[in-house]
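Asker: Take the sequence shown: its position 516, counting from 1, is numbered 516 in full-length UniProt numbering, and each next residue is one higher.
Note that the Cβ used here is the ideal one computed from N, Cα and C, for glycine as well.
Since the structure is predicted, the reported quantities are computational estimates derived from the model, not experimental observations.
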Amino acid sequence: MPSYTVTVATGTQWFAGTDDYVYLSLEGTAGCSERHLLDKPFYNDFERGAVDSYDVTVEEDLGEIQLIKIEKRKYWYQDDWYLKYITVKTPVGDYLEFPCYRWITDEKEVVLRDGRAKLPRDDKTQILKQHRRKELETRQKTYRWKEWHPGFPLSIDALSHSDLPRDIQFDNEKGVDFILNYSKAMENLYVNRFMHMFQSSWSDFADFERIFVRISNTISEYVMQHWKEDFMFGYQFLNGCNPVLIRRCTEIPKKLPITMDMVECSLERNLTLEEEVKQGNIFIVDYELLDGVDANKTDPCTIQYLAAPICLLYKNLENKIVPIAIQLGQKPGPDNPIFLPSDATYDWLLAKIWVRSSDFHIHQTVTHLLRTHLVSEVFSIAMFRQLPAVHPLFKLLVPHMRFTIAINTKAREQLICECGLFDKANATGGGGHVQMVQKAMKDLTYSSLCFPEEIKAKGMDSKEDIPYYYYRDDGIKVWEAIKGFAEDVIHIYYESDEVVCEDVELQAFVKDIYVYGMRGVKASGFPKTIRTREKLAEYLTVIIFTTSAQHAAVNFGQYDWCSWIPNAPPTMRCPPPTEKGTVTIEQIVASLPDRGRSCWHLGAVWALSQFQDNEVFLGMYPDEHFVEKPVKEAMAKFRKSLDEIVSAITERNKNKKLPYYYLSPDRIPNSVAV
């Protein structure tokens, strides 16, 4: 009688094992096996991290094994089991792999296909077509779209983390509890002793050092020491945690009525301002999006303020980007002066602080929340709804969706909800952040997510003209590495553009993203269909780059650049100055966040800058969804490319006082998970 050797691997997560009854049956082209009992209470099989083997004897050969069916029956209480994979050794010595990487939580039957990736056109038998269809039908009932706020990209239909499907929940929910993590961060940073003085002001700039954790030879310490300098102010637009706003200025906007007399002392080439613009030496950052956004009114004891500045910058003869003019409002007029480096020291300093505060708001809500978190959730939901586990693109993308829906759901539950943690310290809390996302949706275009294209559109692509833009340099290298990997995988499974066009599941995935993520807005430029392998490679690169590299670039530098409060104030408690020559140090300190809000802010940027436990970085694929040799070779090639980028970045950063490492692949998590 033929015998099959079945090997079952259980996950290493806490409580991954099970003590329930577990049954297995095999289904092949020539017949089905009976249901075999693999485990029952007190057998001590299927424990955390275990790999258990069994012999399954059948009366007749089953032919080619197509499906494995797993049933778990409850013994006493709900005992979830994380099944990594099953391998089957056939009577003739062939090995088949059946990836699972899912939690088996209830008493339903789980059906697995072997690990070879298949497009819809590859399934010839009715049983495989039916399995494919049923999987998607079930997923579409489980992963439902829901509007969180009008005009937002749609998100998952779940009110809390516990409402999510078990497969996409965090392994340990406490590890991502924002309230717990922020409180723990404040305790670790020794700032909780100031919380009882919530609304009291600091005495002076030096007083902020009482909550500043001094870590020698780090970016945060360097920021604390040099934050007042124009060089440091300008450098952050290139390599800080929001390096996406600066653009080359091709024409001075009429709403910034600047004259040559104002900036002549800042220009170093004996050229007029117009000539400097023509030579490409003038840059601009415009915070117009903040104009009209309501400031936080959740605390009646503290009035909070926002501004919508315009900042003009100049590339000097040392190729450093420095500010030369700041207007704190969008409408020119006598009560909206243009501040200059030649003004009184505190006038100029306060103007720069207002820009830094505005930059913080755009960073948190648009650059970070909308353009990485919410967009990545759209990709995740569409993937689960439209791509079955056997599809090569599901296998390619699923590592980059790890915990994304979970972290966003947790954020909506605790952080950015009404009366959430975001309201405690941020001037855009209390609804302002919602208005910002709604306004920013018009600029959320497909081309803006194509990294090289967006850099070029901003006029920031020349290494010769702008030599110290490490965000650009490293980002393009990582983009090209990802694109090369995507192309390699595509060419394994899609032999022609015609095959791309015929892939109904791919087209449904793309349509879901356009219709529900981009709300069907034609101006977004998101494709409704994909018809070529070249376009598919770019599309997949956008997804993988956004969920991994782009998020890393704008998330993990938050403590470095924002922990020194005067450099990134989350709120301002006095309105922007309306005239020159009146600003004092006392006025600046009174404008900056009070002690309590400073502590909340510090706890937030610390917690958000930490990697997850057991973080999985770009190029690492511990879950083997792919089993084919050509794909594994493509993965090895991808890792080699990434290793070369790591080496180049490490070499460049040697002896730098301000190293740039956020886009080093060994520091880029695979997914948005924090």
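1) Would you identify the three-state DSSP class for Asp45, choosing helix, strand or coil?
2) In chain order, what residues of the same chain lie with their CB nearer than 6 Å to the CB of Pro2, ignoring the 5 residues before and after it?
3) Asn316 to Leu267, Cα distance in whole Å?
4) Look up Ala9 in the DSSP assignment and give the residues it is bridged to.
5) Between which two residues does the beta strand (DSSP E) holding Ser25 run?
6) Alpha carbon to alpha carbon, how far is Lys629 from Arg73?
7) Between which two residues does the beta strand (DSSP E) containing Arg113 stretch?
8) Taking the beta carbon of Gln279 as the centre, do at least 16 other beta carbons fall within 10 Å, making it buried, or is it exposed?
9) Taking just the CA atoms, how far does Ile326 sit from Pro150?
10) Taking just the CA atoms, how far does Arg533 sit from Glu487?
11) Distance check for Phe526 and Leu112, CA to CA, integer angstroms please.
12) According to the Cβ coordinates, are Cys311 and Val293 closer than 9 Å?
13) Going by DSSP, what residues sit across from Phe339 in a beta bridge?
14) Could you check the C-alpha separation between Phe545 and Val478 for me, to the nearest Å?
15) If you run the structure through DSSP and keep just helix, strand and coil, what is Phe283?
16) With H, G and I counted as helix, E and B as strand and the rest as coil, what does DSSP make of Glu147?
17) What did DSSP end up calling residue 677 once you bin it into helix, strand or coil?
18) Measuring straight from C-alpha to C-alpha, what distance separates Pro323 and Phe283?
19) Would you please state the rounded distance, in angstroms, between the beta carbons of Arg402 and Asn614? I believe it to be under 8 Å.
20) Check for me: the beta strand (DSSP E) holding His373 runs from which residue to which?
21) I need the DSSP call for Met1, collapsed to helix, strand or coil.
22) Per DSSP, which residues does Val56 bridge with? Please list them.
23) Please report the distance separating the alpha-carbon of Asp122 from that of His391.
24) Of the residues Thr404, Ala308, Lys656 and Asn426, which one's Cα is nearest the Cα of Phe170?
25) Run through the segment 581 to 625 for me and flag every whole alpha helix (DSSP H) of 4 or more residues, listed as ranges in chain order.
26) On the three-state DSSP scale, how would you describe Met572?
27) Please report the straight-line C-alpha distance between Val672 and Ala553, rounded to a whole angstrom.
28) Suppose you measure from the CA of His373 to the CA of Gln612; what does that come to, to the nearest Å?
29) Considering Cα atoms alone, identify which of Asp163, Ser162 and Gly28 is closest to Thr125.
30) Which residues does DSSP pair with Gly333 in a beta bridge?
31) What residues match up with Lys315 in a beta bridge as DSSP calls it?
32) Looking at the unbroken alpha helix (DSSP H) that takes in Glu71, where does it start and where does it end?
33) For Pro332 and Thr578, what's the separation of their Cα atoms in angstroms?
34) Per the contact definition of three or more C-beta pairs closer than 8 Å, is the segment 369 to 388 in contact with the segment 249 to 262?
35) Give the single residue among His363, Pro452 and Ile156 whose Cα lies nearest to the Cα of Met436.
36) Check for me: the alpha helix (DSSP H) holding His551 runs from which residue to which?
Answerer: From the atom records:
1) What you label residue 45 is simply residue 45 of the sequence shown in a count that begins at 1. Here Asp45 sits in coil by DSSP.
2) Within the sequence shown, the letter at position 2 stands for residue 2. Here the set comprises Val58, Asp61 and Pro91.
3) Residue mapping note: residue 316 aligns to position 316 of the sequence shown, counting from 1. Residue mapping note: residue 267 aligns to position 267 of the sequence shown, counting from 1. Their Cα atoms are separated by approximately 7 Å.
4) Within the sequence shown, the letter at position 9 stands for residue 9. Bridge partners of Ala9: Val51 and Tyr85.
5) Sequence index remark: in the sequence shown, residue 25 carries index 25 (1-based). It spans Tyr21 to Gly28 - the beta strand (DSSP E) in which Ser25 sits, taken as one unbroken run.
6) Your numbering for residue 629 matches position 629 in the sequence shown. Your numbering for residue 73 matches position 73 in the sequence shown. For Lys629 and Arg73, the distance between alpha carbons rounds to 36 Å.
7) By 1-based counting over the sequence shown, the position of residue 113 is 113. Per DSSP, Arg113 belongs to the beta strand (DSSP E) from Glu109 to Arg113.
8) The count along the sequence shown starts at 1 and reaches residue 279 at position 279. Under this definition Gln279 is an exposed residue.
9) The residue labelled residue 150 in the question sits at position 150 within the sequence shown. The residue labelled residue 326 in the question sits at position 326 within the sequence shown. Answer to the nearest angstrom: the Cα atoms are 34 Å apart.
10) Here residue 487 refers to the residue found at position 487 when the sequence shown is read from its first residue. Here residue 533 refers to the residue found at position 533 when the sequence shown is read from its first residue. Near 8 Å, if we compare the C-alpha coordinates of Arg533 and Glu487.
11) Counting from one through the sequence shown, the residue named residue 112 turns up at place 112. Counting from one through the sequence shown, the residue named residue 526 turns up at place 526. When rounded, the distance between both Cα atoms is 33 Å.
12) As a first step, residue 311 is located in the sequence shown; it is residue number 311 there, counting from the start. As a first step, residue 293 is located in the sequence shown; it is residue number 293 there, counting from the start. No, the pair does not count as a contact, with Cβ atoms beyond the cut-off.
13) Taking the sequence shown and counting its residues from 1, the one referred to as residue 339 is at position 339. BP columns for Phe339 point to Ile326.
14) The count along the sequence shown starts at 1 and reaches residue 545 at position 545. The count along the sequence shown starts at 1 and reaches residue 478 at position 478. Phe545 and Val478: Cα-Cα distance of roughly 8 Å.
15) Within the sequence shown, the letter at position 283 stands for residue 283. Strand at Phe283.
16) Indexing the sequence shown from 1 puts residue 147 at position 147. Residue state, collapsed to three classes: coil.
17) The question about residue 677 has no answer here: the residues shown for the chain are numbered 1 through 674.
18) For the purposes of this step, residue 323 is taken as residue 323 along the sequence shown, with counting starting at 1. For the purposes of this step, residue 283 is taken as residue 283 along the sequence shown, with counting starting at 1. Taking the straight line joining both Cα atoms gives about 9 Å.
19) In the sequence shown, residue 402 corresponds to position 402, counting from 1. In the sequence shown, residue 614 corresponds to position 614, counting from 1. Going by Cβ atoms, the distance from Arg402 to Asn614 rounds to 10 Å, so no, they are not a contact pair.
20) Position 373 of the sequence shown, counted from the first residue, corresponds to residue 373. Run containing His373: none; DSSP gives neither H nor E here.
21) Here residue 1 refers to the residue found at position 1 when the sequence shown is read from its first residue. In this structure, Met1 counts as coil in the three-state DSSP scheme.
22) Looking up residue 56 in the sequence shown gives position 56. According to DSSP, Val56 bridges with Tyr4.
23) By 1-based counting over the sequence shown, the position of residue 122 is 122. By 1-based counting over the sequence shown, the position of residue 391 is 391. Distance between the alpha carbons of Asp122 and His391 is about 10 Å.
24) As a first step, residue 170 must be located in the sequence shown, where it is residue number 170. It is Thr404.
25) 585 to 591 and 595 to 608
26) Indexing the sequence shown from 1 puts residue 572 at position 572. Reduced to three states, the DSSP call for Met572 is strand.
27) As a working note, residue 672 is residue 672 in the sequence shown. As a working note, residue 553 is residue 553 in the sequence shown. About 11 Å.
28) Locating residue 373 in the sequence shown gives position 373, where the first residue counts as 1. Locating residue 612 in the sequence shown gives position 612, where the first residue counts as 1. Between His373 and Gln612, the C-alpha separation is close to 16 Å.
29) For the purposes of this step, residue 125 is taken as residue 125 along the sequence shown, with counting starting at 1. Of Asp163, Ser162 and Gly28, the residue nearest in Cα terms is Gly28.
30) The sequence position of residue 333 within the sequence shown is 333, counting from 1. Looking at the DSSP assignment, Gly333 forms a beta bridge with Asn336.
31) Here residue 315 corresponds to residue number 315 of the sequence shown, with the count starting at 1. Partner(s): Ile321.
32) Walking along the sequence shown from the start, residue 71 turns up at place 71. Taken as a continuous stretch (DSSP letters only), Glu71 belongs to no alpha helix (DSSP H), being part of the beta strand (DSSP E) at Ile65 to Arg73.
33) Here residue 332 refers to the residue found at position 332 when the sequence shown is read from its first residue. Here residue 578 refers to the residue found at position 578 when the sequence shown is read from its first residue. Straight-line Cα distance between these residues: approximately 11 Å.
34) no
35) Taking the sequence shown and counting its residues from 1, one reaches residue 436 at position 436. The shortest C-alpha separation from Met436 is found at His363.
36) Position 551 of the sequence shown holds residue 551. Segment His551 to Asn555, the alpha helix (DSSP H) holding His551.
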